[in-house]
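Structure first, then comments.
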Amino acid sequence: MTKHLIRPYGDRKDDGVIQLSFVLPVPAGDKAKEAAAAVAKKLGLSHVLVSSMEKAGDDYSFFVVYGRTHMQLDYAAIEVPAVVHPKHPFDELNEVVKRDIGRRIVVVGACIGTDSHTTGIDAIMNMKGYAGDYGLERYPMFRAINMGSQVEPEKLVARAKAENADAILVSKVVTQRDVHKEDARALVDAAKEQGIFEKTIFLFGGPRVDHQTALELGFDAGFGPGTKPSDVANYIYYRMLEKRGEKS
Amino acid sequence: MAQLFVDAEKIVRARALAQSAARGVQAFIDRHTTVSIERTVLRLLGISGAGTRGAPLANLMVDRLRVAKVLQKGAAYWLGRALRAAPGKDPLQAIERAATHPEKLPPLGAAEEAQLRDEMRSDARAAVSELRSRIEQRKELKKSLRVGSFEGAPWKYVIVATGNIYDDVEQARAAAQLGADVIAVIRSTAQSLLDYVPHGATTEGFGGTYATQENFRIMREALDAESRKLGRYVHLTNYSSGLCMPEIAFMAAYERLDMLLNDAMYGILFRDINMQRTFCDQYFSRRICAFAGIIINTGEDNYITTADADEAAHTVIASQLVNETFAHLAGMKDELIGFGHSFEIDPAREDTLLRELAMAMMVRELFPRSPIKYMPPTKHKEGDIFFSHAYDVMADLVAITTRQGIQLLGMMTEAMHNPFLMDRFVALKSVAYVYRAARHLGDEISFKPDGIVARRQREVFDKALHLLEEVAQDGMMAAIGKARFGDTARTPEGGKGLDGVIERGPDYFNPFLEILEQGRQ
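Chains as they are written, first to last, in the working numbering: chain U, 1 to 248; chain H, 249 to 769.
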């Protein structure tokens with residue numbers, strides 16, 4: 001594969017310019033400013049410019065710093081696992097689901113654990129949808145059950161089992177101390193315990209969630225910020241076809 | 249300058265509807281008590297410690313009384329009874345003994361009953377008098393210092409939320425030095441669902457720091473010192489919401505907090521706390537706030553972070569009128585009711601600034617004597633912190649132009665993490681600039697009587713009025729059951745904490761409430 005070398009771009013190709021901002025726990029002054037420059041140099045930057053030093057409290061200073069990095073990167077070697085499939089528009093997706101699945105797809109979703117931030121799950125599941133893209137409830141060929149906030153993983157799994165769900169959709173906004181990962185693992189464990197892990201598709205969404213993390217946690221896919229309901233609907237359809245293929 | 253384009257008669261009508269909807273609930277409140285109310289009474293009477301494994305003594309006692317099914321007489325009665333039966337004993341043991349076999353307690357004659365109550369009333373009066381002196385200390389300090397950046401400027405409100413109270417203190421001091429007028433210590437995730445208040449100083453929390461009486465004390469002490477140093481009073485606020493509204497209110501009053509988040513319906517709608525429980529708890533907690541001169545902040549901003557801010561604007565107004573009624577019923581003056589709302593309309597749309605101005609002016613003018621609490625954008629915040637910062641500055645501009653009372657400053661990193669020290673710095677520096685630059689802007693502007701702003705106010709208010717008609721017709725509890733507020737349906741028997749609601753007996757005794765309700769109309 002041919003290499004594709006790149007550097008950060010400030011004003012000219014390959015100038016390597018980076019801007020940083022940070023706080024140091026020392027009072028503002030000449031010494032603090034020198035320390036901020038030293039931070040940037042230790043990070044490997046040259047042409048360091050401390051463009052701003054501000055008093056951020058009696059014992060704290062805030063800096064904006066510019067510098068140039070000399071590292072270069074082979075863009076061709078970057079690999080990102082991503083959810084890739086062609087996308088059907090609303091009506092077409094309903095038609096292909098009817099044709100290929102032959103019944104409504106059942107999706108159960110919730111904010112799990114102590115999380116009460118339902119913005120994400122609501123945007124994907126509720127009728128209204130998000131950014132002009134209809135939510136799953138709106139799709140005639142989907143049955144969407146949104147259990148809302150603060151649902152225990154075991155309860156979500158039990159409901160999915162009762163509804164004979166094809167997919168479980170989980171949203172986590174609170175991620176302090178990786179509590180989202182803990183809850184996600186609890187969900188996977190509960191699904192295994194209740195015997196629906198193999199047959200169900202697991203989707204993980206949230207502002208600090210990516211596909212890679214979701215895979216590591218045992219999910220089928222992860223969806224980060226900006227995901228639209230139609231992305232999720234299409235993904236579930238394709239994944240169901242795939243799973244059917246895996247079985248035969 | 250805030251202009252109101254709504255027909256005055258409609259406003260009168262809307263208030264009357266809110267009052268009629270709340271009246272039925274108030275009758276319910278007056279017939280009930282809750283475990284949290286009874287724990288508050290015990291705390292006032294000096295039961296503030298914790299037993300083994302940190303369980304608060306007030307909880308241990310009230311749980312015993314609830315299980316014994318004798319709480320309908322009031323915890324204060326049983327404390328008096330227990331101490332009388334076993335003088336000099338440890339109060340918990342005495343209560344335990346009394347609660348295990350209440351029928352075995354030596355019977356009291358009518359005169360002794362009356363004497364017992366008088367003794368407890370006298371203890372309560374002494375405790376309230378100490379509480380009052382602590383509240384006075386707070387007021388004295390505030391009176392001796394400058395308040396806010398200048399006359400008419402909103403108080404600049406910022407959040408600290410490290411999980412460790414000692415780190416919180418460091419960050420709060422830095423924020424105060426940079427001009428913050430109010431420090432809010434965000435609570436650990438899901439503390440609202442704990443049916444007890446944790447004990448002591450805490451250094452571990454998820455997404456925030458546990459609200460405890462000791463944490464309140466530590467932070468207030470630090471802010472006292474900082475206020476004196478700066479010559480400017482720095483307020484402290486926390487959350488009187490969830491399952492322990494009255495207890496938090498009492499601890500806040502005792503530890504000299506200035507404000508509390510406190511909403512009549514928030515717990516019901518957004519935390520799925522049982523509505524009977526919340527209605528009773530909000531009443532008692534607001535009685536305490538009224539007594540202590542604590543400003544409450546209502547939570548209407550939540551309606552428009554879940555639903556669409558443009559479409560759901562009327563639910564904010566309707567809920568504010570409901571909150572106003574409940575606050576008045578709890579004896580609160582307008583000056584203590586900080587009505588909440590927020591700058592949340594999708595920035596991808598056109599003329600959002602006019603629509604936000606319309607809403608901010610309407611809220612300002614509907615409650616002219618109240619300190620309106622203005623919240624920043626959150627729902628449409630992005631990881632692009634530079635855009636996010638510009639977005640926050642627009643909220644700053646609306647806040648100063650329309651003279652909001654208390655402004656929670658937006659953080660450019662809202663979509664990512666709890667505010668860093670530098671995020672607060674950037675927000676405080678910029679807001680100082682905007683307040684300065686637009687100090688008299690509002691005084692110079694007047695909007696067209698039939699323009700976008702005027703039409704928007706009328707449209708929103710008409711919808712609010714319609715919603716209140718429905719609520720008044722259904723009754724408050726049934727209306728919540730039909731998802732009239734916040735798109736969330738809750739039933740009177742659903743949610744957490746219902747088993748903590750107890751019907752008062754005919755001989756119910758609560759000497760703290762007697763004092764708080766003095767002069768009740």
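Even glycine gets a Cβ: it sits at the ideal position worked out from N, Cα and C.
Values in this document were obtained by computation on a predicted structure and should not be read as measured data.
Going by alpha carbons, who is nearest to residue i out of the options?
{"i": "ILE521/H", "options": "GLN439/H, SER590/H, ASP594/H", "result": "GLN439/H"}
{"i": "ALA228/H", "options": "GLU344/H, ALA270/H, ARG279/H", "result": "Shown here, chain H extends from 249 to 769; a query on residue 228/H therefore has no answer."}
{"i": "GLU198/U", "options": "ASP30/U, ILE168/U, VAL26/U", "result": "ILE168/U"}
{"i": "ILE466/H", "options": "LEU441/H, VAL417/H, GLU388/H, TYR514/H", "result": "VAL417/H"}
{"i": "PRO207/U", "options": "ARG103/U, PRO225/U, SER61/U, THR213/U", "result": "PRO225/U"}
{"i": "ARG250/U", "options": "LYS155/U, TYR130/U, ILE124/U", "result": "Since the first and last residues shown for chain U are 1 and 248, residue 250/U lies out of range."}
{"i": "LYS33/U", "options": "PRO86/U, ILE6/U, TYR66/U", "result": "TYR66/U"}
{"i": "ALA214/U", "options": "HIS180/U, ALA38/U, LYS243/U", "result": "HIS180/U"}
{"i": "GLU474/H", "options": "VAL445/H, VAL430/H, PRO494/H", "result": "VAL430/H"}
{"i": "ASP15/U", "options": "MET240/U, GLN72/U, LEU136/U, LYS192/U", "result": "GLN72/U"}
{"i": "GLY453/H", "options": "ILE434/H, PRO595/H, LEU645/H", "result": "ILE434/H"}
{"i": "ALA675/H", "options": "GLY690/H, ALA685/H, TYR683/H, LEU657/H", "result": "LEU657/H"}
{"i": "VAL23/U", "options": "GLY102/U, ALA37/U, VAL17/U", "result": "ALA37/U"}
{"i": "LYS629/H", "options": "THR119/U, GLY113/U, ILE101/U", "result": "THR119/U"}
{"i": "LEU232/H", "options": "ALA596/H, ASN571/H, ALA638/H", "result": "Summary: the structure shown does not reach residue 232/H, with chain H confined to residues 249 through 769, and so no result is reported for it."}
{"i": "ILE407/H", "options": "ARG329/H, GLU469/H, ARG421/H", "result": "ARG421/H"}
{"i": "HIS562/H", "options": "THR485/H, ARG706/H, GLN385/H, PHE574/H", "result": "ARG706/H"}
Does DSSP put residue i in a helix, a strand or coil?
{"i": "ALA323/H", "result": "helix"}
{"i": "HIS180/U", "result": "helix"}
{"i": "VAL395/H", "result": "coil"}
{"i": "ASP529/H", "result": "helix"}
{"i": "SER590/H", "result": "strand"}
{"i": "ARG480/H", "result": "strand"}
{"i": "TYR487/H", "result": "strand"}
{"i": "GLN274/H", "result": "helix"}
{"i": "PRO754/H", "result": "coil"}
{"i": "ASP710/H", "result": "helix"}
{"i": "GLY67/U", "result": "strand"}
{"i": "ILE78/U", "result": "coil"}
Output yes or no for whether 9 Å exceeds the beta carbon distance between residue i and residue j.
{"i": "GLU548/H", "j": "PHE587/H", "result": "yes"}
{"i": "VAL708/H", "j": "MET609/H", "result": "no"}
{"i": "MET368/H", "j": "LEU327/H", "result": "yes"}
{"i": "ALA538/H", "j": "GLY579/H", "result": "yes"}
{"i": "GLN251/H", "j": "ALA702/H", "result": "yes"}
{"i": "CYS111/U", "j": "VAL157/U", "result": "no"}
{"i": "ASP582/H", "j": "PHE615/H", "result": "yes"}
{"i": "VAL611/H", "j": "GLN655/H", "result": "no"}
{"i": "ALA512/H", "j": "PHE532/H", "result": "no"}
{"i": "THR457/H", "j": "ALA497/H", "result": "no"}
{"i": "LEU471/H", "j": "ALA424/H", "result": "yes"}
{"i": "ILE648/H", "j": "ARG687/H", "result": "yes"}
{"i": "THR239/U", "j": "ASP220/U", "result": "A quick correction: the sequence has Arg, not Thr, at residue 239/U. Yes, the Cβ-Cβ distance between ARG239/U and ASP220/U is below 9 Å."}
{"i": "ILE542/H", "j": "SER590/H", "result": "no"}
{"i": "GLY743/H", "j": "ARG525/H", "result": "yes"}
{"i": "PHE223/U", "j": "MET670/H", "result": "no"}
{"i": "GLN341/H", "j": "ALA333/H", "result": "no"}
Run the CB neighbour count on residue i, radius 10 Å, all protein chains shown included, and call it buried at 16 or more, exposed below.
{"i": "ILE78/U", "result": "exposed"}
{"i": "ASN126/U", "result": "buried"}
{"i": "VAL679/H", "result": "buried"}
{"i": "PHE398/H", "result": "exposed"}
{"i": "ILE693/H", "result": "exposed"}
{"i": "LEU715/H", "result": "buried"}
{"i": "LYS404/H", "result": "buried"}
{"i": "THR661/H", "result": "buried"}
{"i": "TYR444/H", "result": "buried"}
{"i": "LYS627/H", "result": "buried"}
For residue i, is the beta carbon positioned less than 8 Å from some heavy atom of the ligand NAP?
{"i": "LEU676/H", "result": "The ligand NAP is absent from the structure shown, which contains no ligands of any kind."}
The stretch 53-79 of chain U: positions lying closer than 7 Å to chain H by Cβ: GLU54, ALA56, GLY57, ASP58, TYR60, PHE62
Residues, ordered as in the chain, of the stretch 637-670 of chain H that lie near chain U by beta-carbon distance below 9 Å: ALA663, MET664, HIS665, ASN666, PHE668, LEU669, MET670
Chain-ordered residues of the stretch 418-433 of chain H with a beta carbon less than 9 Å from chain U: GLU418, GLN419, ARG421, ALA422, ALA423, ALA424, GLN425, LEU426
Contacting positions in the stretch 212-238 of chain U - beta carbon closer than 8 Å to chain H: PRO225
Chain-ordered residues of the stretch 24-56 of chain U with a beta carbon less than 7 Å from chain H: GLU54, ALA56
Near-chain U residues of the stretch 612-636 of chain H - C-beta to any C-beta below 8 Å: LYS627, GLU630, GLY631
Contact list for the stretch 132-166 of chain U against chain H, Cβ threshold 9 Å: GLY148, SER149, GLN150
Interface positions of the stretch 729-741 of chain H facing chain U (Cβ-Cβ less than 7 Å), listed along the chain: none
Interface positions of the stretch 529-554 of chain H facing chain U (Cβ-Cβ less than 9 Å), listed along the chain: THR553, THR554
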